[in-house]
Structures are given as structure tokens and as C-alpha cells.
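What follows is a set of notes on a single structure, which appears directly below.
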Amino acid sequence: MDLLLLATLRHGPLHGYAVVEKLRGASDGAFDLAEGTVYPALYRLEKAGLLASKWTKAGGRRRRVYRLTGRGREELARGRKEWKAFANAVEAVVT
Amino acid sequence: MIEDYLARLRSELAAVGIRGRLRARILAESEDHLRSDPEGVERFGAANELANSFAAELGARASRRAAVSAFAALGVAGAVYAVSFIGASFGHLPPSDLWPTLALLSFPAIIVAPQVAFVSGSLALLRSLRRRDRVLPSAELRVMHRRTGLALLAGLATMAALALFAFEVRNETDGWWVVFTLAGSAAAASLLVVAAVPTTGAARLRPRVAGEAGDVFDDLGLAGYRDDPWRFARRVAFAVGLAVWIAGIVQGDPIDGAIRGLAEALACLAGFAAFGRFLGLRR
Chain A
994 MDLLLLATLR
1004 HGPLHGYAVV
1014 EKLRGASDGA
1024 FDLAEGTVYP
1034 ALYRLEKAGL
1044 LASKWTKAGG
1054 RRRRVYRLTG
1064 RGREELARGR
1074 KEWKAFANAV
1084 EAVVT
Chain B
3 MIEDYLARLR
13 SELAAVGIRG
23 RLRARILAES
33 EDHLRSDPEG
43 VERFGAANEL
53 ANSFAAELGA
63 RASRRAAVSA
73 FAALGVAGAV
83 YAVSFIGASF
93 GHLPPSDLWP
103 TLALLSFPAI
113 IVAPQVAFVS
123 GSLALLRSLR
133 RRDRVLPSAE
143 LRVMHRRTGL
153 ALLAGLATMA
163 ALALFAFEVR
173 NETDGWWVVF
183 TLAGSAAAAS
193 LLVVAAVPTT
203 GAARLRPRVA
213 GEAGDVFDDL
223 GLAGYRDDPW
233 RFARRVAFAV
243 GLAVWIAGIV
253 QGDPIDGAIR
263 GLAEALACLA
273 GFAAFGRFLG
283 LRR
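Protein chains in written order, with my numbering: chain A, 994 to 1088; chain B, 3 to 285.
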């Protein structure tokens, strides 16, 4: 979940609902999880310093927008590298 | 429907110990999310599960941080204690038969409480470093909170007893030692109180996560002792008693060393009996 959330935010800041939408869209509906469960993970990643967030106003509504921090980008790069190595290893065995 | 859900979420968050600004933020974000998709209440997840998920995700990290903060504050208190203890040799303390009553009464606490603080704080730190999981069982969090809380209380008791002792012997002892001990213990006690803030914050979170708390044999990688934890306690007590006795021999008083060694060994066994289950030393 952590890697998915970090990857979803790599192109720019998003609010929670947009994160869920993007996650669902990018995975072609494969990650159709209980939407609320994204928030505890976002909070934890923020506490860990991988994300930062702030309130913004859009269309008269207050929204909490999340963005990757420098440490978050480093963690994303490390996670992607690990995932690619794992996926390549599985593919080499399975195919 | 959205209002009903938010009211349920509000009370479920309170039930797992999430209140104040954090709860207000969670509710505001949840409301924004649900108003973006009014049909999405079903997909958002059950309020009790979501509240529990927040407490579980935040609780593990908060408990680990509390243990580390407490250990850092105890480190400062330990330094004050060590300098004061060593400095007492040069501060011309009066012989113990001339100590005022309150100084005599505080002395056992000066000896016992720091040992409790050191053992409990070290075990809390060890557990927090060993269990790095994103979410931890509730029982595991309770053990970490107990270890951290007891370490802080014992640290505060040490500083209070040390300050009381220094105050009581102030007229018969070098002024520099009294000033250092009083100022140092006050500063260290303040740090311990500051370190108690994250501990109480972490203990307020009460996620419901199934699973057992480990014991000291998990912490130390000594699973072989689990079937007979008292064998472990006896060995530790023997080692501690022997170390104190050897220190007595080195200081030229083997009889006094033996008496103190025996007292230390018995204190170890008493501590294991008193705090064994409370601190997760045994199951």
C-alpha cells in the first residue's frame, strides 16, 4: 500500500479522494479497496516524513492536499527498484 | 446519510482514543471525501473498522517514538545520577550514621529506582527496535507502554530521591555537590516529564488488533528459557550478585560486597516476581 500511495503522488499533490480515484483508474479497477482505508496510511506516511500535507480551498471546500517530500521520493525510488527486481525474478521463473 | 456516518465515525474514533485536533482533521477529510461522492458511503468502509485502522496505524509508531524519547530522557537522568554518585566521593558526604532521617529513607530509592528505570527503559527500547511492523497487536502496545511508563516513573522517583537526599545533607556536604545534584536532578526530572507526553499520547490510542505480546525471551533471542523463566531469573540474579560482590572485593571490602551482592540478587528475583507479567518478562 505504501509504495502504491507514494507512486500515485509522484506527479504532483492530490487530495485523498483524488488519490483513491487515481489508484483505481491506474490499476484498471484492480485496487478497488475500501476508500477510507487510504487515509490511515496517508497519515502514517506523513508522520514518517514521506508525505507532507496542507489545507487548501477549492470550490468553496476545504481539502487536505498531500505531496511527496524529498524523503518520500527517495523511498519511492528505493521501493520501485526493489519491486522491479522482485517482479523480474518472478517473471523469470514463471514465464 | 453522510451525517449519520460522520457521527458514527466520531464516536468510534473517541472509542479508540482519538480525540481533539486529530479527530477533527479525520472527520473533515472524511466529510470532504464523502461529499465528493455522495454514493460512496458504502465504499468508504465501516466506521468502527476505519477508526480502528487509524488507531492501529498511528499507535505502533507513537509507541515506538515514546519508548525512544523516554530512553533519551533516562540517558540524561542516568548521566546526572552517575556524576552525582561519583562526585559524592569528593563532596565530603557525612558517614551514614549521621544522615538525617529523610536522607536515610530516600537512600533505598536512590539505589533501587534507577535499576528499575534502566531495566524497564532498556526493555521498552529493545522492544520498539525489534518490532518495526506497521501495525502491532494491542497486547504488544500495552507491554511497550507499561515498560516505558514504569521506566519514566522510576526515573522520576530516582531524581526526586536524589534531590531530597542532597537537600537533607546540604549543611554537612560541599556546596558544589549539593548545587549540582539539585540542579541536575531538577533538569533531568523536567526532561522526564516532557518525555512522558508522547507516552501518555501513545497510551491513549487503543486499537483492537489481535495477537500476543512477546516476552523478554523474544526480545533477547533466548527462546530456550521460555519453558522455565525462573531459570533465566536465577541466572541473571546470580550474575548481578556476583558482579556486585566482585566490585566489593576490588574496593577492599569482600564481606560488605557479599552482603550487597546477595541483596542485589534477591532484588532481581523480587523484581522478576513483581513485574514479570506486567512488563512482559514472562507469559
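No residue lacks a Cβ here, since even glycine has one placed at the ideal position from N, Cα and C.
Can you list the residues of chain B that A1045(A) reaches, using a CB-CB cut of under 7 Å? Within 7 Å Cβ-Cβ: nothing; A1045(A) doesn't reach chain B, min ~14 Å.
Taking the alpha carbon of E1010(A) as the point to measure from, which residue in L11(B), M161(B), G22(B) and V43(B) has its own alpha carbon closest? Looking at the sequence provided, one finds Tyr at residue 1010(A) rather than Glu. Nearest C-alpha to Y1010(A): V43(B).
Expressed to the nearest angstrom, what Euclidean distance is found between the alpha-carbon atoms of S187(B) and R148(B)? 23 Å
Measuring alpha carbon to alpha carbon, tell me which residue in F169(B), A74(B), V145(B) and L271(B) is nearest S103(B). A small fix is needed here, since residue 103(B) is Thr in this sequence, not Ser. It is F169(B) whose Cα lies nearest to the Cα of T103(B).
Can you tell me where the alpha helix (DSSP H) holding W247(B) begins and where it ends? P231 to V252
Are the beta-carbon atoms belonging to F339(B) and F109(B) less than 8 Å from one another? Limits of chain B in this structure are 3 at one end and 285 at the other, which puts residue 339(B) out of reach.
Is V211(B) helix, strand or coil when you go by DSSP? coil
By a C-beta neighbour count over all protein chains shown, 10 Å radius and 16 as the cutoff for buried, is G151(B) buried or exposed? buried
Going by beta-carbon coordinates alone, are V145(B) and V211(B) separated by less than 8 Å? no
If we ignore side chains and look at the alpha-carbon of each, how far apart do A189(B) and L207(B) end up? 29 Å
Let's see if you can read the secondary structure: which residues bound the alpha helix (DSSP H) around L127(B)? T103 to R132
Hey, out of G250(B), F274(B), V85(B) and D99(B), whose CA is closest to V180(B)'s CA? V85(B)
Does any CB atom of chain A fall closer than 8 Å to the CB of R206(B)? no
Does the CB of Y1032(A) have a neighbour CB from chain B at under 8 Å? yes
Cβ atoms of L1043(A) and G1072(A): under 8 Å apart, would you say? no
Any residues in the stretch 80 to 112 of chain B with a beta carbon nearer than 7 Å to a beta carbon of chain A? Which ones, in chain order? none
Please list the residues of the stretch 13 to 38 of chain B that have a C-beta atom closer than 8 Å to any C-beta atom in chain A, keeping them in chain order. R27, I28, A30, E31, S32, D34, H35, R37 and S38
Quick check: the Cα distance between A265(B) and V242(B), rounded to an integer number of angstroms? 10 Å
I want to verify the contact list: residues of chain A whose CB lies under 7 Å from the CB of S55(B), in sequence order. T1030 and P1033
Kindly indicate which residue of V121(B), D39(B) and A115(B) has the alpha-carbon position closest to the one of L222(B). V121(B)
Does any residue of chain A have a CB that is nearer than 8 Å to the CB of R63(B)? yes
Evaluate the contact criterion for the stretch 1003 to 1021 of chain A versus the stretch 28 to 44 of chain B: three or more CB pairs, one atom per stretch, below 8 Å. yes
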